[in-house]
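Enquirer: With full-length UniProt numbering, the residue at position 24 of the sequence shown is 24, and numbering never jumps.
Where a beta carbon is used, it is the ideal one built from N, C-alpha and C, also for glycine.
Bear in mind the structure is a predicted one, so any value in this text is a computation, not a measurement.
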Amino acid sequence: MGKAIVCQEAECECQNGTMPDKIVSISQHKQYVNDTEGEKKMIVSTLDIGQPFEKKTFGQCKLQPTLGGYKPCQPMVTEWQGFYEKVTLDNGGNPILENSKATCAIAGAPCVSITFHGQTAEATQEHEAAADEEVMAQINPLASDDAVKEDVKHDLNSVK
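What follows is the structure, given as structure tokens:
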């Protein structure tokens with residue numbers, strides 16, 4: 001696959017708009033990615049069309065000029081391109097990828113892109129248990145129990 005799956009609250013922009021917006025999954029509420037609690041990182045799919053955005057605007061639409069500037073953007077996604085075809089979600093849609101593009105009815109062409117897929121690293125207790133202590137001590141010496149004990153001992157001795 002090579003590209004990250006897009007999840008709720010991913011950042012998007014329209015090449016014809018003046019500000020970004022975040023996408024929300026409006027087509028499904030069952031399948032999550034990169035979310036140990038399964039509460040907020042719903043996968044965005046090809047069925048998230050219409051206005052699947054938090055603010056429902058990308059600011060001003062450069063394709064709709066007026067005498068005083070531009071009309072407000074009211075995106076209307078008609079389809080997604082460049083999605084992950086090998087997986088079909090429970091809702092019948094396919095996952096959107098970080099390089100997917102959406103076609104807006106106003107532009108008539110793919111103009112909405114993902115600027116950040118929305119996934120973030122989230123360490124769990126399983127990660128901590130599986131971590132190699134020697135490697136972790138080299139990466140972050142302050143996290144090493146020995147280093148912390150030594151710092152505390154030094155601090156206590158300097159107080160005396």
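1. Would you mind reading off the limits of the beta strand (DSSP E) that contains residue 184?
2. Pop quiz: residue 45 and residue 97 are said to be a contact at Cβ under 8 Å. What is the actual Cβ separation, rounded to whole angstroms?
3. With a threshold of 8 Å on Cβ separation, who are the neighbours of residue 28 within its own chain once the five nearest residues in sequence on each side are excluded?
4. Apart from the five residues just before and just after residue 100, which ones in its own chain have a Cβ nearer than 6 Å to its Cβ?
5. Here's the rule I'm using: 16 or more other beta-carbon atoms within 10 Å means buried, otherwise exposed. How should residue 105 be labelled?
6. Compute the Euclidean distance between the alpha carbons of residue 63 and residue 6, then round it to the nearest angstrom.
7. So the candidates are 51, 18 and 121; which of them puts its Cα closest to the Cα of residue 78?
8. Drop a sphere of 10 angstroms on the beta-carbon of residue 9, count the other beta-carbons inside from all chains shown, and report buried for 16 or more, exposed for fewer.
9. Could you tell me the alpha carbon to alpha carbon distance between residue 24 and residue 66, rounded to whole angstroms?
10. Give me, in chain order, the residues of the same chain whose beta-carbon lies closer than 6 Å to that of residue 111; leave out the 5 immediate sequence neighbours on both sides.
11. Within 10 Å of its beta-carbon, does residue 132 have 16 or more other beta-carbons around it, so buried, or fewer, so exposed?
12. Excluding the 5 residues preceding and the 5 following residue 117 in the sequence, name in chain order all residues of the same chain whose CB lies nearer than 6 Å to its CB.
13. Shortest alpha-carbon distance to residue 49 belongs to which of 30, 60 and 74?
14. With a 10 Å radius around its C-beta and 16 neighbouring C-beta atoms as the bar for buried, classify residue 130 as buried or exposed.
Expert: Straight from the coordinates:
1. In this structure the chain extends from 1 to 160, so residue 184 is not present and cannot be described.
2. By one-based count along the sequence shown, residue 45 stands at place 45. By one-based count along the sequence shown, residue 97 stands at place 97. Not a contact, Cβ separation roughly 11 Å.
3. To locate residue 28, count along the sequence shown from 1; it is residue 28. Here the set comprises 42, 43, 45, 47, 89, 90, 91 and 93.
4. In the sequence shown, counting from the first residue as 1, residue 100 sits at position 100. Cβ within range, chain order: 80, 82 and 83.
5. Translated into the one-based positions of the sequence shown, residue 105 becomes position 105. Exposed.
6. Here residue 63 corresponds to residue number 63 of the sequence shown, with the count starting at 1. Here residue 6 corresponds to residue number 6 of the sequence shown, with the count starting at 1. Taking the straight line joining both Cα atoms gives about 27 Å.
7. What you label residue 78 is simply residue 78 of the sequence shown in a count that begins at 1. Checked all of 51, 18 and 121; the closest Cα to residue 78 is 51.
8. Start at 1 with the first residue of the sequence shown, and residue 9 comes out as number 9. Under this definition residue 9 is a buried residue.
9. Position 24 of the sequence shown holds residue 24. Position 66 of the sequence shown holds residue 66. Residue 24 and residue 66: Cα-Cα distance of roughly 30 Å.
10. Numbered from its first residue, the sequence shown carries residue 111 at position 111. Excluding residues within five positions, the ones whose Cβ falls inside 6 Å are 14, 15, 16 and 104.
11. Taking the first residue of the sequence shown as position 1, residue 132 is located at position 132. With fewer than 16 other Cβ atoms within 10 Å, it is exposed.
12. One-based indexing of the sequence shown puts residue 117 at position 117. Within the same chain, residue 117 has close Cβ partners 4, 6, 10 and 98.
13. On the sequence shown, residue 49 is found 49 positions in, with the first residue counted as 1. The candidate whose alpha carbon is nearest that of residue 49 is 74.
14. The residue given as residue 130 occupies position 130 in the sequence shown. Residue 130 should be labelled exposed.
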